[in-house]
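Numbering (the working numbering), first residue to last: 2 to 99.
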């Protein structure tokens, strides 16, 4: 859907740039600038202080009425062969590897 590429960007940024593990990168609240409207949806529990600061800069911030996206992922440590999996709590699913 419309969110997929943006969701990948959020996950990969959290995983690679901020060093979150697979599960934490999925669990962190998401945001989505609607491509057809002029507002940004944010998931709770993004703090009111953050939303207010964005509004003060002219952004139309709205609390998402439903979960934004859903995912499963497996990270591979190529040196050790260790697989680390995560499954998004926003929807049913599981991540498995061998």
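The beta-carbon is built from N, C-alpha and C at its ideal position, and this holds for glycine as well. Bear in mind the structure is a predicted one, so any value in this text is a computation, not a measurement.
Do you know whose CA, among the options, lies nearest residue i's CA?
i	options	result
residue 32	53, 13, 7 and 16	7
residue 68	89, 12 and 22	89
residue 145	35, 13, 23 and 94	The question about residue 145 has no answer here: the residues shown for the chain are numbered 2 through 99.
residue 43	99, 4, 92 and 80	4
residue 85	99, 56 and 60	99
residue 78	46, 22 and 56	22
residue 91	19, 45 and 38	45
Would you identify the three-state DSSP class for residue i, choosing helix, strand or coil?
i	result
residue 8	helix
Strictly under 8 Å for the Cβ-Cβ distance: is residue i near chain C by that measure?
i	result
residue 48	Note that chain C does not occur in the displayed structure, where there is just one protein chain.
Review point. Between the segment 66 to 75 and the segment 27 to 41, do three or more beta carbon pairs fall short of 8 Å?
Key: The way I'd put it, the segment 66 to 75 does touch the segment 27 to 41; three or more beta-carbon pairs between them come closer than 8 Å.
Check your understanding: What are the uninterrupted segments assigned as beta strand (DSSP E) that are 3 or more residues long and contained completely in the segment 20 to 84, given in chain order?
Key -> The segment 20 to 84 contains these whole beta strand (DSSP E) runs: 32 to 34, 41 to 43, 62 to 64 and 73 to 77.
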